[in-house]
Structures are given as structure tokens and as C-alpha cells.
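Participant: Here it is, the structure, as C-alpha cells.
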Amino acid sequence: MRLSRAARGILGGLTVLVLAGIYLPLFVVFVNSFSTSTSLSWPPPGFTLEWWAKAFRSEGALDALVTSVQIASVSTLIALVLGTLISLALQRYSFFGREAVSLLVILPIALPGIITGIALNNAFRTILGVQLSIYTVIVAHATFCIVTVFNNVIARLRRLGTSIEDASADLGAGLWTTFRLITFPQLRSALFAGGLLAFALSFDEIIVTTFTAGAGVKTLPLWILDNLFRPNQAPVVNVIAVVLVIVSIIPIYIAQRIAGAEKIVR
């Protein structure tokens with residue numbers, strides 16, 4: 022389909038406006054992380070690296086960073102195992118209620134975070150009688166990280182078909198051998214991309230974390246929220262926000278590159 026010059030100009034202008042609306046606020050945060058001002062002011066009166074030095078010496082921020090990495094790593098691992106098993110079951114086997122199960126697996130990512138957080142908080146505290154802790158946060162994050170892995174893996178399984186696995190079974194390979202030598206190598210890049218996206222999703226989650234974290238659990242997004250309006254903490258918060266954006270962008274970029282490379286190969 023060919024567009025006229027006017028149509029291309031309008032679409033280009035709208036694209037620039039949308040991207041500016043998304044990324045200009047991030048640019049302001051980045052610039053303010055070097056500002057000499059101790060408040061969120063614009064334009065910056067001057068520039069300094071003092072806040073970056075303070076941020077990397079802040080024990081609270083560093084502890085929150087470690088906690089976020091731990092939660093995201095374990096949640097991603099759980100999501101990889103369960104998401105892969107669920108996708109294999111739903112794609113490779115037919116049974117009553119399969120479509121309903123598929124809907125229930127995908128639903129957590131579509132629900133508002135506050136609804137998920139309230140539901141999990143009630144489940145942990147009133148139904149299960151479990152004290153909120155880092156483990157409840159991991160379980161909560163895994164519920165929506167599973168969806169990311171599930172979507173990646175089941176999409177790959179649909180493209181692969183079963184012919185190679187059937188040939189492996191005909192040659193006498195068992196279920197585990199076929200999975201280890203045939204299925205898993207073909208799913209490896211999808212698992213890697215799904216895991217990276219799940220890690221990024223868990224790392225910067227704040228709403229569900231707020232409802233499922235115990236009193237002593239402080240992730241990096243929660244630390245930012247707690248310190249945003251404290252005196253003289255705004256520049257340090259800007260630095261941590263920039264770090265959070267970078268950490269979130271890297272796995273998403275790698276996952277996108279993997280998906281793009283696979284399309285070229287195919």
C-alpha cells in the first residue's frame with residue numbers, strides 16, 4: 022500500500038508526537054539526575070555527578086536493588102518452569118476445558134495490578150494465613166511472569182509442529198529424551214526471550230508488590246516511591262530511576278533482537 026506525501030507527513034508527525042510524549046519525561050528524569058538542584062526543578066541550574074556518587078553509596082538503595090534482583094530472578098525461574106509445562110500441555114494434548122485453562126493462564130496479565138494485589142493479599146493473609154514476606158512477593162510476581170513465558174513458548178510450539186518429535190518417538194526415544202534433544206533446543210531462544218521479559222516485568226513491578234510485600238521487604242520501585250518526596254532525596258531518586266530504566270531496557274532490547282534474528286533466519 023502506497024501513501025501520499027501528505028499522509029506520510031501526517032503519520033510521521035503523529036509518530037514524533039507520540040514518541041515525544043513517551044520519552045521526553047524520561048529525558049527530563051535523566052537530565053535532573055545530574056542537576057545541582059535538590060528538588061525536582063526545570064531547567065537545572067547546573068550539573069554535577071554528586072548525586073550519582075551518593076546513590077551508589079546509599080545502603081537503602083543498594084539493598085533494594087539486591088532485593089529486586091533476587092525477586093525477579095526467582096520469579097523468572099518459576100515462570101520458566103511452569104510456563105513451559107503449561108504451554109506443552111495445552112499445545113501438545115487435547116482435553117476437556119483446554120481453552121478455559123488457556124484463558125485462565127493469560128488472564129493475570131490483563132487484570133489491573135491493584136485487583137491482583139488485593140486478591141493476593143487477601144489470599145495470603147485470610148485464606149492461607151501466611152505472613153507477607155519476600156516469598157509472597159515472589160509468588161505474586163510469578164503469577165504474571167508465567168504469562169510472558171507461556172505466550173513465547175506456545176507461539177513457538179505452534180510454529181514447530183510435532184513432526185520432528187514424532188520422528189524421534191518412532192526411532193525409540195522416550196518422552197524425556199525427545200524433550201531434551203529435540204524440543205528444548207528448538208524452544209531455547211523463546212525461553213530466553215520470555216525469561217528476559219519476565220525479569221524486566223518483575224523488576225519494575227510496584228502495585229502488586231505494595232500489596233504483597235512484608236514490612237521488611239523493600240524493592241527498588243518501593244524505595245523510589247518512599248523517597249520521592251523526602252527532603253534532598255529527589256536527585257538521588259532520579260539517579261535510581263535512570264538505573265531502573267536502563268536495567269529494564271536491556272532485557273527487552275535483547276529479547277527483541279533475538280526475535281528479529283529468528284525472523285531473518287526463517
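In this text, residue positions in the sequence shown follow the working numbering: the first is 22, and each later residue adds one.
Glycine included, each C-beta is placed from N, C-alpha and C at the ideal position.
(1) Strictly under 8 angstroms for the Cβ-Cβ distance: is T97 near chain D by that measure?
(2) If you draw a straight line from the C-alpha of L38 to the C-alpha of F48, how long is it?
(3) What number of angstroms, rounded off, separates the C-alpha of I185 from the C-alpha of L202?
(4) In chain order, which continuous runs of the alpha helix (DSSP H) of length 4 or greater are located wholly inside the stretch 162 to 189?
(5) What residue from W63, K75, S108 has the CA that sits closest to L208's CA?
(6) Can you tell me whether R177 is buried or exposed, with buried defined as 16 or more other CB within 10 angstroms of its CB?
(7) Who are the Cβ neighbours of D134 in its own chain at under 6 angstroms, not counting the five residues just before and after it?
(8) Considering just the uninterrupted stretch of the alpha helix (DSSP H) at L202, what are its terminal residues?
(9) Note down, in chain order, each residue of its chain lying with its Cβ closer than 7 angstroms to the Cβ of S154, except the 5 sequence neighbours on either side.
(10) Closest to T99 by CA distance: which of F220, V266, R113, L241 is it?
(11) Could you give the distance in angstroms between the alpha-carbon of D247 and the alpha-carbon of I261?
Facilitator: Inspection of the coordinates gives the following:
(1) Looking at the structure shown, chain D is missing, and only one protein chain is on hand.
(2) Translated into positions along the sequence shown, residue 38 becomes position 17. Translated into positions along the sequence shown, residue 48 becomes position 27. If you take the alpha carbons of L38 and F48, they lie about 15 angstroms apart.
(3) Within the sequence shown, numbered from 1, the residue matching residue 185 stands at position 164. Within the sequence shown, numbered from 1, the residue matching residue 202 stands at position 181. A straight-line Cα-Cα distance of about 11 angstroms links I185 and L202.
(4) none
(5) Walking along the sequence shown from the start, residue 208 turns up at place 187. Closest by alpha carbon: S108.
(6) As a working note, residue 177 is residue 156 in the sequence shown. Burial call: buried.
(7) In the sequence shown, counting from the first residue as 1, residue 134 sits at position 113. This sequence places Gly at residue 134; Asp is not what is there. Taken in chain order, the residues that qualify are I228, V229.
(8) Within the sequence shown, numbered from 1, the residue matching residue 202 stands at position 181. For L202, no alpha helix (DSSP H) encloses it, and the DSSP letter there is neither H nor E.
(9) Taking the sequence shown and counting its residues from 1, the one referred to as residue 154 is at position 133. Contacts found: G235, V238.
(10) Here the question's residue 99 lines up with position 78 in the sequence shown. Note on identity: in this sequence residue 99 is Ile, with Thr being the wrong assignment. When only C-alpha atoms are compared, the closest one is F220.
(11) Here residue 247 corresponds to residue number 226 of the sequence shown, with the count starting at 1. Here residue 261 corresponds to residue number 240 of the sequence shown, with the count starting at 1. Taking the straight line from one Cα to the other gives about 12 angstroms.
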